[in-house]
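In the numbering used here, the protein residues as written are 1 to 369.
Every residue, glycine too, gets a C-beta built ideally from N, C-alpha and C.
Note sheet for the following structure.
Structure below.
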């Protein structure tokens with residue numbers, strides 16, 4: 001699975017993309033771009049770890065000597081690239097610059113590179129314009145391989161298993177924080193390596209899409225928005241939102257929840273190769289607006305997902321870049337009128353003739369006794 005997820009030829013694609021963008025080299029420090037290219041989930045330390053991919057020449061990975069064993073044992077160690085250790089008294093920025101071809105005019109630096117490191121590279125490569133490497137790597141990362149789709153499918157199944165456990169955690173008299181703690185434990189127990197977020201928005205907190213866990217006590221008859229996600233050992237992420245109610249839901253909530261289900265279905269059905277992301281957004285948004293709830297849907301319909309829970313492509317008005325098979329993203333319209341709210345979220349992958357959902361749990365409102 002590791003070789004399929006992080007194939008050796010990926011570095012060659014980065015080199016070609018860098019040359020095509022007019023970059024002399026790409027410099028990747030710990031983060032999702034480095035992991036995408038090498039499979040190395042390096043620790044983000046004050047000591048420099050950096051993959052250098054020159055447009056002309058061989059790539060190399062600069063690592064602190066004390067991190068050399070970890071680099072060798074990671075998937076990067078099997079790629080055949082040179083590992084260049086540096087000692088505590090060395091200047092790793094000057095060391096990296098000295099190994100690059102001379103006269104580089106433009107260099108791509110990782111989007112997540114710390115500013116302190118980018119400035120050190122600016123000094124070590126005087127005259128070289130720095131640009132965001134993400135502008136090059138996004139074209140590669142947006143189009144998921146079959147192995148990446150399989151990893152997202154595995155992540156989706158894991159978070160689905162957690163959602164099936166949620167009704168056992170939601171009880172009147174419990175706090176959001178108590179429920180959130182149980183959910184976080186379940187995210188790990190069901191196969192994730194890390195919990196990325198847990199939202200348990202009860203009652204009025206459900207009208208805040210990014211509500212933080214609080215000590216608010218859940219009361220009978222209150223809807224609860226549960227938005228959860230984590231990172232799998234593969235590095236690929238999950239993200240899914242479902243809606244629950246402790247007891248009978250209010251009539252006005254049930255009315256707009258039916259609209260939301262229709263809107264989410266409409267946006268999913270708009271996904272196909274060649275469709276513009278803004279058209280997918282408009283499909284569900286139009287349903288919500290026609291029902292009179294337009295002002296209560298105030299965020300984009302979705303975001304890409306992969307090694308990050310939010311990445312390209314974004315499903316939002318103004319994005320006309322055509323969808324392609326292999327692109328993965330969320331479809332998550334919401335309606336938040338207060339004193340409660342709701343959001344339905346699935347991860348989907350664009351296929352040759354439509355879409356495949358990574359989440360398959362029931363999208364309807366789940367009533368908890």
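Where the beta strand (DSSP E) through residue i begins and ends
| i | result |
| --- | --- |
| residue 199 | 194-202 |
| residue 299 | Segment: none, residue 299 is in no beta strand (DSSP E) and carries neither H nor E. |
| residue 312 | 311-315 |
| residue 368 | 366-368 |
Identity of the residue in the options nearest residue i by Cα
| i | options | result |
| --- | --- | --- |
| residue 300 | 291, 308, 313, 307 | 313 |
| residue 295 | 264, 338, 106 | 338 |
| residue 209 | 228, 40, 118 | 228 |
| residue 293 | 67, 342, 60, 75 | 342 |
| residue 250 | 221, 233, 138 | 221 |
| residue 47 | 310, 307, 151, 29 | 29 |
| residue 191 | 78, 153, 81, 305 | 153 |
| residue 318 | 120, 281, 19, 171 | 281 |
| residue 83 | 33, 64, 143 | 64 |
| residue 291 | 258, 302, 304 | 258 |
| residue 134 | 278, 187, 5, 33 | 33 |
| residue 269 | 331, 159, 174, 62 | 331 |
| residue 146 | 164, 350, 361, 368 | 350 |
| residue 163 | 149, 188, 18, 321 | 188 |
| residue 297 | 307, 18, 285, 236 | 285 |
| residue 206 | 238, 140, 213, 340 | 340 |
| residue 96 | 127, 77, 116, 53 | 53 |
| residue 69 | 132, 86, 57 | 86 |
| residue 316 | 101, 283, 244 | 283 |
| residue 308 | 245, 196, 275 | 196 |
| residue 233 | 155, 79, 177 | 155 |
| residue 112 | 150, 80, 170, 43 | 43 |
| residue 276 | 327, 230, 149, 22 | 327 |
| residue 4 | 198, 352, 148, 88 | 148 |
| residue 78 | 166, 7, 151 | 7 |
One or two residues paired with residue i in a DSSP bridge
| i | result |
| --- | --- |
| residue 264 | DSSP output for residue 264 lists no bridge partner at all. |
| residue 223 | 245 |
| residue 240 | 228 |
| residue 132 | 109 |
| residue 217 | 175 |
Whole-Å CB distance - residue i paired with residue j, under 8 Å assumed
| i | j | result |
| --- | --- | --- |
| residue 71 | residue 24 | In fact, because the Cβ distance is near 24 Å, the residues do not count as touching under 8 Å. |
| residue 74 | residue 39 | 6 Å |
| residue 287 | residue 137 | With a Cβ gap of about 35 Å, residue 287 and residue 137 do not count as contacting. |
| residue 261 | residue 334 | In fact, because the Cβ distance is near 12 Å, the residues do not count as touching under 8 Å. |
| residue 358 | residue 366 | In fact, because the Cβ distance is near 19 Å, the residues do not count as touching under 8 Å. |
| residue 37 | residue 27 | Their Cβ separation, rounded to whole angstroms, is 11 Å, which puts residue 37 and residue 27 out of contact at 8 Å. |
| residue 264 | residue 344 | 4 Å |
| residue 311 | residue 141 | 7 Å |
| residue 306 | residue 236 | 6 Å |
| residue 129 | residue 106 | 5 Å |
| residue 225 | residue 247 | Going by Cβ atoms, the distance from residue 225 to residue 247 rounds to 16 Å, so no, they are not a contact pair. |
| residue 213 | residue 168 | No, residue 213 and residue 168 are not in contact; Cβ-Cβ is about 18 Å, not under 8 Å. |
| residue 278 | residue 320 | 6 Å |
| residue 11 | residue 59 | 5 Å |
| residue 218 | residue 176 | 7 Å |
| residue 92 | residue 62 | 6 Å |
| residue 18 | residue 108 | 6 Å |
Opening and closing residue of the alpha helix (DSSP H) in which residue i lies
| i | result |
| --- | --- |
| residue 119 | 115-124 |
| residue 277 | 277-290 |
| residue 104 | Segment: none, residue 104 is in no alpha helix (DSSP H) and carries neither H nor E. |
| residue 321 | Run containing residue 321: none; DSSP gives neither H nor E here. |
| residue 162 | 146-169 |
Minimum Cβ-Cβ distance from residue i to chain D less than 8 Å
| i | result |
| --- | --- |
| residue 251 | Of the protein chains in this structure there is only one, and it is not chain D. |
Residue ranges of each beta strand (DSSP E) within the segment 20-95, 3 or longer: 25-28, 50-54, 60-64, 82-86
Every unbroken alpha helix (DSSP H) inside the segment 325-363 [4 residues or more]: none
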